[in-house]
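Colleague:
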Amino acid sequence: MKLKHTLMILALAATTTLSGCAFTDAAPAVSYTSLSGQQASTDSLKGKVVLVNFWATSCSGCMAEMPKMVETHQKYAKQGYEMVAVAMSYDPLNYVQAYVNDKKLPFFVTLDKDGSIAKAYGEIQLTPTSILIDKQGNIVKRYVGEPDFKELHQLIEQQLKA
């Protein structure tokens, strides 16, 4: 019985390890409409390294990380990096618009009015949550909470060179 249990654990560990190496997790096919009416989609963003950031004006962690998100965007935008800031469905449009205008956010901002974008990315409920996507549209890394920006920048640079 103990041998069987040990073999099952080893098989599970091997499967988990291999799945991290052998398979890619494609970003969901999603369409975005910015607060200014611009359109984007998972397909239209292929060829760029993209960070999809789920946030809310009521989220203190989101407000704390946003200046670093702006800096990251400014650092890499001319090299093929794009950020899509997805305000959560419960965030009032007037709050989101006021924040975007006040902070002069330089990237694509959308309001997930019906929660469909959060649902497509795996029922995102915690903010901030950020998802880094490579040029082919595959998920490279998910961050729940504020990212380690040094690590995030290294990943962005690695993906921009790929």
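Under the numbering used here, the first residue of the sequence shown is numbered 473, with each subsequent residue one higher.
We treat Cβ as the ideally placed atom computed from N, Cα and C, and that holds for glycine.
Computed from a predicted model, the values in this text were never measured in an experiment.
For Thr529 and Tyr567, which I take to be in contact (beta-carbon distance under 8 Å), what is that distance rounded to the nearest angstrom?
Modeller: Thr529 to Tyr567, Cβ: 4 Å. Contact.
Colleague: Would DSSP call Tyr504 helix, strand or coil?
Modeller: Reduced to three states, the DSSP call for Tyr504 is strand.
Colleague: Judging by CA-CA distance, which residue of Val522, Ser588 and Ile611 is the nearest neighbour of Lys550?
Modeller: The option with the nearest alpha carbon to Lys550 is Val522.
Colleague: Under a three-way DSSP split, which group does Glu554 fall into?
Modeller: Note: Glu554 maps to strand in three-state DSSP.
Colleague: Can we say the region 591-611 touches the region 497-511, given the rule of at least three CB pairs closer than 8 Å?
Modeller: Touching, yes, given that three or more Cβ pairs across the two stretches are closer than 8 Å.
Colleague: Strictly by DSSP, which residues pair up with Tyr615?
Modeller: Paired residue(s): Ser602.
Colleague: Check whether the region 603-611 touches the region 528-547, taking contact to mean three or more Cβ pairs, one atom from each stretch, closer than 8 Å.
Modeller: Cβ pair count under 8 Å is below three, so no.
Colleague: List the whole-angstrom C-beta distance separating His625 from Pro578, where the pair is believed to meet the contact cut-off of C-beta under 8 Å.
Modeller: The Cβ separation is near 17 Å, so there is no contact.
Colleague: Out of Ser506, Glu554 and Met538, which has the shortest C-alpha to C-alpha gap to Glu629?
Modeller: That would be Glu554, whose Cα lies nearest to the Cα of Glu629.
Colleague: When you compare only the Cα positions, how much space is there between Ile603 and Leu517?
Modeller: Rounded to the nearest angstrom, the two C-alpha atoms are 14 Å apart.
Colleague: Would you call Glu623 buried or exposed, if buried means 16 or more other Cβ atoms sit within 10 Å of its Cβ?
Modeller: Per the 10 Å Cβ criterion, exposed.
Colleague: What are the start and end residues of the alpha helix (DSSP H) that includes Phe621?
Modeller: Element bounds for Phe621: Phe621 to Lys633.
Colleague: Among residues of its own chain, excluding the 5 on either side of Asn573, which ones have a beta-carbon nearer than 8 Å to its beta-carbon?
Modeller: Correct list: empty, nothing qualifies.
Colleague: For Lys540, which residues of its own chain have a beta-carbon under 6 Å away from its beta-carbon, when the five flanking residues on both sides are left out?
Modeller: The answer, listed in chain order, is Phe621.
Colleague: Between the beta-carbon of Leu598 and the beta-carbon of Val616, is there less than 8 Å?
Modeller: It is a contact, given that the beta carbons lie within the stated cut-off.
Colleague: May I have the straight-line CA-CA distance separating Gln569 from Leu583, to the nearest angstrom?
Modeller: Cα to Cα, Gln569 sits roughly 9 Å from Leu583.
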